[in-house]
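One structure below.
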Amino acid sequence: MKLNLPTCFSWPSSRRSRKGLTCLVRSPPNNSKPAFGPVDTVRRMSTPSASRAKKQALDRDMIISVLESAATRRDAKGYLQKYTHGKTPCPSAPSHEPAAGSPVASLTNGRPTMTTTTTTTTTTTKTTDPTDAAVVTLRLPQELSSDVLHGIAKTLSQLRVLGLTALVVVDGGAGADCRLLEDQALRLCEAIDSFAGPGSKMAGHVFSRRKRKTPASTPPGVVADTILVDDRGVLERALRRSVIVVMPSLARPDDISCRAPADANATTLALTRYLAGFPSEASSGTDDPASAPTTHPSARLASVERIIILDPLGGIPMTRRPHVPHRLINLEQEYDMLLQNLKAGASTCPETAGTGRPNAPNDNHAANLSLVKDTLTLLPPTSSALITTPFAAACTSSSTPPTAHRRPLLGFDSMVTTRRQRNPLLHNLLTNRPAFSPSLPLKRIQDEEDGSSQRVNSGSATLVKRGMPVTIYPDPRVEPWRFSKPTATRLRLTDDCFDLARLLYLIEDSFNRKLDAQHYLKRVNDNLAGVIIAGEYEGAAILTWELPVGVSEQDACAQRRFVPYLDKFAVLKTRQGCSGVADIVFNAMVQDCFPDGVCWRSRKDNPVNKWYFERSAGTCQLSASNWAMFWTTMDAKERSTTLQDYESVCRSVEPSWADKKHVID
């Protein structure tokens, strides 16, 4: 009996290159064989070996970068909830949905089978959430080598895989013309297209320039709303397909005039405003309202999670250490002072050589700081900005030379003995934290990076957040903290400047223990040194002046032996982790309040002790007790009396918990 088998099913051409797909195809016509006979050919459809190897290498690099980000379980949970929870990615190509009741082929155990679809109310699942996006400003790309630009393209592709689509503004600096900006934009597009994915798109006609009458009351330094976005749907379509858009900083005055280079800070701000759904106010701010573009989004096109500035100058330098960038900037607390110091030239940065910038480096740092402040004002408080170098973003061998740790063991000369530099962009996406904790002493970072300050500078970045205000009582900017005589007026927790109920709730929530409020107030009110409050009582530190055992108050005043003691360090449970509240409070304590040192104690089994240890200058396990002592005084070991006084205080301070469990300590 002869079997007449049906024609073998074959996948559409758009799916033939799927890796690992095995399907049956009909043999080519042959005069010696019937046109429809048994299938006698099995062919494996896969991507070419070179493309497959490149994709595997990219996936491997991304996995390594994710593992090297040192993300905690809490960080991973936050990332998954933010970028993957409840979101359906849009396909990169239009899908062909079969009609209801039509046969559909599928694979079951590697074999093609036929199924029938049923009519459903909704045929496609489309998320209503806007695309998570990052606005990137790439400065002076013409000075970057092909390797560095290729590394930046790879990082942007990895960010897209992790759920963050980049929109890049190309800044050629002063003197750049249209030809240079377009060439550099195409150069970056070619590098991005060399990786797997939806690819990139150059959008050179996105920005338009409109004249606006700037009010005389406009403060200096504010970016005027002269640059508008008129994309005609280009950005929306690209974001829907997860295409990386590269835009040269060019703007045209009208639809028929030629484009001209525009200030990249203005185009970046206009792009952020457009994506966030804010109207451009063109009709009220232009000389010719009829010529203003009327196409602006009625709702936000994207959820802008990051503002990224890739500048050869790197992060914002510290005032007292101009060669070291800030790791975290809390705009609510530090913006005015930092901007004042930068404009006054309080810090210098010798990296100007070869940058081609006409202005002093501090002016460019101030412009970067003002730009991220203006853009973050338009975005939710959870958004942040990252300022780093293109070399750090590329993470290539040309950015920082590899450092060999030791000679290869067992004679295997080909063994890799170098430590990869952490990519600040990927690390920040996964953790929303800087690469190194801002409260970590610089010496700890140098020890981690083998003592090389150059590696720290080139690999570090400045993370900028809107943050929260920090209130310090008394204000150390008015008068440094010093022990006041017993006859002087003292600060008390019962003063009107404190919300005592919220402060007590903060302590009990952070420690998860009930406080004996009356006992605590009686103990600290007469020796209170000061209080640091972050935000709306989201974090706090209560510091006291403690008297060592056996030392009279008069002798302690004469010999300056009153011990600066951290009595309570509390952060709300909902703000613990990646919010940075603990770092903000700790930095205020050691930098503004007690720069000469402070001590505190913690139970030996406290899981926070690792965090304390990394930020202290020394630690000691107190014998015959359950206490560990920490201090930030740099020369405490050289002064035996100081350590003795610290230990005496840490042993003698009586806790004020209502459960009385401190007796076992």
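FYI, the numbering used here numbers position 366 of the sequence shown as 372, with every residue one higher than the one before it.
Cβ atoms here follow ideal geometry from the backbone N, Cα and C, with glycine treated the same way.
Would you please state the rounded distance, in angstroms, between the beta carbons of residue i and residue j? I believe it to be under 8 Å.
| i | j | result |
| --- | --- | --- |
| T468 | I335 | 6 Å |
| Q190 | P136 | Not quite, the Cβ-Cβ distance comes to about 29 Å (not below 8 Å), so this is no contact. |
| F489 | C563 | 7 Å |
| P430 | L392 | 7 Å |
| Q164 | L432 | 6 Å |
| A182 | P267 | 6 Å |
Using three-state DSSP, classify residue i as helix, strand or coil.
| i | result |
| --- | --- |
| K528 | helix |
| Q582 | coil |
| E660 | coil |
| M635 | strand |
| R306 | coil |
| V378 | helix |
| D419 | For D419, the pLDDT reaches just 40, beneath the cut-off of 50, and the residue's location in the model is therefore unreliable, leaving the point undetermined. |
| M718 | The structure shown does not extend to residue 718, since the chain spans only 7 to 671, so no value can be given for it. |
| S388 | According to the sequence as given, residue 388 is Thr; it is not Ser. Here T388 sits in coil by DSSP. |
| K349 | helix |
| M595 | helix |
| S20 | Legend: pLDDT at S20 = 41, less than 50; position of this residue unreliable, value from coordinates given subsequently. It is helical. |
| V537 | strand |
| L717 | One cannot answer for residue 717 here, as it falls past the ends of the chain, which runs 7 to 671. |
| W617 | helix |
| Y652 | helix |
| E552 | strand |
| R312 | strand |
| I322 | coil |
| P331 | strand |
| S112 | Residue placement at S112 is flagged as unreliable, the pLDDT there being 42, under the threshold of 50; a coordinate-derived value is accordingly withheld. |
With distances taken between CB atoms, is the gap from residue i to residue j smaller than 8 Å?
| i | j | result |
| --- | --- | --- |
| F636 | S622 | yes |
| T500 | N533 | no |
| L316 | T395 | yes |
| A535 | L512 | no |
| R306 | A282 | yes |
| V587 | V596 | no |
| E338 | R472 | yes |
| K610 | Q627 | yes |
| P204 | R333 | no |
| V251 | K207 | yes |
| V655 | V569 | yes |
| C401 | G157 | yes |
| L187 | G178 | yes |
| A270 | T171 | no |
| G603 | T638 | yes |
| I233 | A180 | no |
| V212 | L194 | no |
| D665 | R519 | yes |
| H525 | S662 | yes |
| E311 | D81 | no |
| L319 | N370 | yes |
| D236 | S263 | no |
| E544 | Y571 | no |
| D522 | L549 | no |
The beta strand (DSSP E) spanning residue i covers which residue range?
| i | result |
| --- | --- |
| G563 | The sequence given here places Cys at residue 563; Gly does not occur at that position. It is not in any beta strand (DSSP E) - C563 instead sits in the alpha helix (DSSP H) that spans E559 to Q565. |
| L144 | T137 to R145 |
| R607 | C605 to R609 |
| K471 | T468 to K471 |
| I262 | From DSSP, I262 is part of no beta strand (DSSP E); its letter is neither H nor E. |
| E542 | E542 -> no beta strand (DSSP E), and no H or E assigned at all. |
| T477 | V476 to Y479 |
| Q627 | G624 to Q627 |
I'd like the span of the alpha helix (DSSP H) that includes residue i, first residue to last.
| i | result |
| --- | --- |
| K574 | Element bounds for K574: not the alpha helix (DSSP H) but the beta strand (DSSP E), V569 to V577. |
| L256 | That residue, L256, is in no alpha helix (DSSP H); its beta strand (DSSP E) goes L256 to R258. |
| S248 | Here S248 belongs to no alpha helix (DSSP H), and DSSP marks it neither H nor E. |
| N336 | Where N336 is concerned, there is no enclosing alpha helix (DSSP H), although the beta strand (DSSP E) it sits in stretches over L334 to N336. |
| P396 | P396 to A400 |
| G84 | R79 to Y89 |
| S273 | It should be noted that the sequence gives Thr, not Ser, for residue 273. That run of the alpha helix (DSSP H) goes A270 to L281. |
| L500 | According to the sequence displayed, residue 500 carries Thr and not Leu. Looking at the DSSP string, T500 is not in any alpha helix (DSSP H), and its letter there is neither H nor E. |
| L435 | P430 to T437 |
Legend entry - Contained alpha helix (DSSP H) runs [length at least 4] in the region 162-241, N- to C-terminal order: 184-199
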